[in-house]
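What follows is one structure encoded as structure tokens, with my remarks underneath.
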Amino acid sequence: MNARPPRLARILARLVSASDDRELLLADLDERFEEIVRVRGADTARRWYWSQALRGTHARLRPDLDLLSRRSWEGTMGDFRQSVRSLLRHPLYSLGVVGTLSVGLASAAAVGSMAWHVWLAPMPFPDPDRVVRLFELEPPPEGTRDASAELTRWRLSPPLIQDLRDTEWSTVDAVAGVTRDVLDWSRDEGTSRTSALVVSPELFDILGIAPMLGRALSNDEQAGEVVLTEPFWRSAFGGDPGVVMGRSMILGGESHAVVGVVRLPAGYPGDADVIVRMAFDAEQLVEGMRGARYLDVLARVDPAYDLAEASAEMNRIVVALGERFPNHRGWGGEAVRLSDELLRPYRGVLGLLLASGVVFLLLAIVNVAGLVAARTVECRPERAIRMALGASERRLLRGSSIESLLLGAVSGAVALFFAYWMLGPLRTLVPAEVPRVEEVHLSAGIAAAILMLALFSGWGVGGLGYFLSRGATPAIGRSAAAASPPVAGRSVLVAGQVALTVLLATTGGGILRHMVELRRVDMGFEPEGVAYSQVTLVGDRYSTPESKRVLWGDLLGRLEARGLDAAISTNSPMAGSNMPWGYRVDPTSEQAWAQYHVVSTGYFRVMGIELVEGRTFTPDDREGSEPVLVISEVLARAHFPGETSIGRVIDVVGAPKTIVGVVRATRHRGPEEVPPEEFYVPFGQDPWGFAQVLVRGEPAGVAAAFAEVVKELDPSLGVPPLAPYTRFVSEWYAALRLQLIIVGVFAAVGTALATLGLYSLVAYKVNSRRREIGVRMALGASEVRVFSDVVRQGVSLAVAGMILGFTAWYLSLPLTRGLLGEVDVSDPWIPVAVAGLVGFVTLLASALPARSSVSVDPAVTLRSN
Amino acid sequence: MGGREYLGEFELVVLLALARLGDDAYGASIHSEILEATGRDVSIPAVYVTLKRMDRKGLVASSLGQRTGSSGRATRNYRLLPEGREAMSRSRALLEGLWRGLDQPLAKGVPQ
């Protein structure tokens, strides 16, 4: 129905049509296209459109092609052959141009693909700008009423979602909650696990997910329904279209009728097998649950309103709820565009990436221009001879254009080859959480753009070289003077490149230092040598607290019997969970929040969390004994400064518990986080249905024993194999590592380009001053004198560049902090090291051509001129 | 101007389509006419280029028009001029003259 002509073909058709009738022609093409869509389908019509555009290009170019083939085809082929020969005769020059240009183009292609697919391409929802996420905003802590302080955004709790869905919004059309779960799918063959999206039915409308088969979830709260995702439908049901007619699945012990199959949009909400309805029972809607902020909430803004109005309404609703419920008191609300929200953590990196790609392409072009200019001087005698033999200006121009187009084409091809192979590794460097990163590939559009750019820059740079060489006849003894304007320009460019290299290297050094420092931060626990797995108890067998207690005890007992040091926990640091539970130190005080952990007795030992005071849990802390609590030193310091907290009773979600121990604080969200307040409860007194199992030992060594234990215990549990706990920490570093790699790679490429630029400039100058040097040496100037003269010129350029670079770095410090987070890049040793490195490299780049200048026999030099 | 020239094959095809269509001929309708009558999917940009050339030669005249119906968009409508008709007749006479007497041998196959 809504098939549209292929965009690229349409652009082509537009380009090649005559300007006066362009719109009419396009309208004619569209009219026929629509008819062909109607009669023969969209695919045929699209192919038809492409053939029209390509044949149109041919029709338009034919007169020119005819002319070319009739009058000058042979001449062109002759020039082509001559260009190839000439380029092969100067392999260093050709390699230099192709190498430099293709590095620049490949980085542009890779970066362009990344930026396009992750950032610039619109999200695959209808009207993506109107899809928003709703947040609750935490009030700033007492005493720090700084209006500019950024408020912490929180997800929403079940009762709040219920309220929002019951609210008569004016700015928002639909509100939907989204969360994930793992559901057991029971069938005759046995039980397997499915990853489920648990959503409000409105989500389908908000994200514009149209079922491929059947329908979306209905609004009927009682109906047990499930929608399958396409990959799961294919793998589990063999893509059977009859699945939506009367099939049902037993998920989490309840029967769900299969009502539809959908394809999930890329980017959000991520992969899943099945989609089921989000429903809350009365227990989840009590006042106490208002603090359980763990659900994503999406909404679609009404077209009559804008984002700011929706955000304001969300805020009003939360503020109004604050009047009635203490959990919302002082809190606000906010609506944020979903695409912004998904990309927020990566925007800085992506911006950096994009900017570097552009800068490097420009640098490459500038350097190639330098190489071309140097060669032009060399070619002047040849040019003069050819003109003297009767070659026309036009003929020379054509020869030079063919040569530069050839270089551009080869560079473009090499660049695409590089970019194609680079994107794979580059994609693995990008944290997997970056939305749509799996879609990044070298698309036809970007490849075409890069090839065009290659031809264009090759042609442009070649044309520049041609015009530089045109003005001057090979006047003997005047070459240095004649070449002075390009030299002045190139000096500035080389200095600019040195400056950029310095800027990148110092910034990269700053990030590296920051990373090293973060690695030294005491996380409060010791992830090294711990393996983990996740166990979830599902099904009727584990419906009572007692059955859970028995299973956890059994699991730990069997692991111990095999000599493994094991523990379980519901909320391990860095593992991605977040369980802020409300507590009161005394009944009159304000409610505060701390991270709630339910742990087994061995937890502190296995995780290496030090005991500061009192005791940890023992097997005697069980159901029926005194409810006990271990708190972190952060919580102890906050409420019991200068006194012992042991023996104090605090109220945790309505239940009084006695503090028996104080342990070191752990960081839950990374080394940059201020350690949160924490408390721990023994598993015996609050057995949960899920936990991380933590085992001391390398996964390889303990995996088999662990798998056996799980099998003995309950084979239907489907426990994933053990993985090293250090994974969570290294994942945290992924984004930082990515920034470092990008900046590092670009600093290296920049250094290479700047070195090459400096080298070719100095070499060029030496070349054009050959006669002058010869004269000086014939008059008795020492080799050392001449050598140091040449080197001084290169070094003074490098020094100017460094001064510029360090100034730019200093000025950009606030900006860098904005892009990379609170990174301290002002370590004085970094600039010193960078200056040393860049100085050494540039010295080398000027010393090599300087050496060649003094190695020349003055007599030979003078005679040749 | 081009009174003495003979038409190219594609020019003739376009002029024939124009003659069949009458005064309501424009790019898309010419394309569809040729497709229906001959099964040949010609290129619309080529039709444009050809019409423009014949416009310059004085074989056809063009004017900006408006499409009737729901779209109501602008079109460039072409009309056959007497010179165009004359050129068509000339081409036809030429071709018919050349074809005369060739029917029999062709039925057996074209002689090399």
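Taken in order, these protein sequences are the chains called D and L. For the first sequence, the working numbering assigns the number 303 to the initial residue and increments by one for each residue that follows. For the second sequence, the working numbering assigns the number 4 to the initial residue and increments by one for each residue that follows. Don't be surprised by glycine CBs; every beta carbon is placed ideally from N, CA and C. Being a predicted model, the structure only gives us computed values, none of them experimental.
For residue i, which residues from the same chain have a beta carbon less than 7 Å from its beta carbon, with the 5 sequence-adjacent residues on both sides left out?
i      : result
D:L913 : F906, G963 and V965
D:G910 : F827 and E828
Could you tell me how far apart the beta carbons of residue i and residue j are, in whole angstroms, since I believe they sit closer than 8 Å?
i       : j       : result
D:S550  : D:A559  : 5 Å
D:V420  : D:P727  : About 16 Å; that fails the 8 Å criterion.
D:L466  : D:V477  : 5 Å
D:P875  : D:F827  : 6 Å
D:M580  : D:S502  : 5 Å
D:L403  : D:A666  : 5 Å
D:V500  : D:R482  : 7 Å
D:V1140 : D:A1100 : 7 Å
D:P929  : D:K959  : 4 Å
D:M1104 : D:V796  : Actually they do not touch by this definition, with Cβ atoms about 12 Å apart.
D:V251  : D:G554  : No statement about residue 251 of chain D is possible, as the shown extent of chain D runs from 303 to 1167 and does not include it.
For a quick check, are the C-beta atoms of residue i and residue j less than 8 Å apart?
i       : j       : result
L:L15   : L:S94   : yes
D:A1147 : D:L1055 : no
D:F582  : D:Q464  : yes
D:V1031 : D:S835  : no
D:E636  : D:R455  : yes
D:L755  : D:L407  : yes
D:W633  : D:E892  : no
D:V763  : D:A671  : yes
D:V1097 : D:T1144 : yes
D:P882  : D:V936  : no
Between which two residues does the beta strand (DSSP E) holding residue i run?
i      : result
D:S835 : V832 to T838
D:Q897 : A894 to V901
D:P882 : P882 to R886
D:W487 : V474 to R489
D:P533 : Counting along the chain, D:P533 falls outside any beta strand (DSSP E), though it belongs to the alpha helix (DSSP H) covering E532 to F539.
D:F992 : F992 to R998
D:L566 : First-last for D:L566: undefined, no H or E at that position.
D:E980 : E980 to P984
Which same chain residues end up closer than 8 Å to residue i when comparing Cβ atoms and leaving out the 5 residues on each side of it in sequence?
i      : result
D:D322 : none
D:S415 : A721, L725, V742, H743, L744, S745 and I748
D:A610 : none
D:I948 : E915, G916, I961, V962, G963 and V964
L:A49  : F13
So, is the C-beta of residue i closer than 8 Å to a C-beta in chain D?
i      : result
L:Y2   : What is shown of chain L runs 4 to 115, which leaves residue 2 of chain L out entirely.
L:R103 : no
L:G42  : no
L:G30  : yes
L:S92  : no
L:S66  : no
L:R95  : no
L:A20  : no
L:R76  : yes
L:V17  : no
L:V63  : no
Closer than 6 Å by C-beta to residue i: which residues in its own chain qualify, once you throw out the five before and the five after it? Chain order, please.
i      : result
D:A601 : V434, L436, V474 and V477
D:G398 : L673
D:Y844 : K850
L:M91  : L18
Would you say residue i faces chain L, with C-beta separation under 8 Å as the test?
i       : result
D:E333  : yes
D:S321  : no
D:V339  : no
D:A1049 : no
D:E343  : Per the sequence shown, residue 343 of chain D should be read as Gly rather than Glu. So, not an interface residue.
D:L1115 : no
D:L326  : yes
D:G701  : no
What residue range does the alpha helix (DSSP H) around residue i cover?
i      : result
L:M57  : I47 to K60
D:M551 : Segment S550 to L553 is the beta strand (DSSP E) holding D:M551; no alpha helix (DSSP H) there.
D:S404 : P393 to A417
D:Q464 : P460 to D468
How about residue i: is its C-beta nearer than 8 Å to some C-beta of chain A?
i     : result
L:A49 : Absent from the structure is chain A; the protein chains it does hold are D and L.
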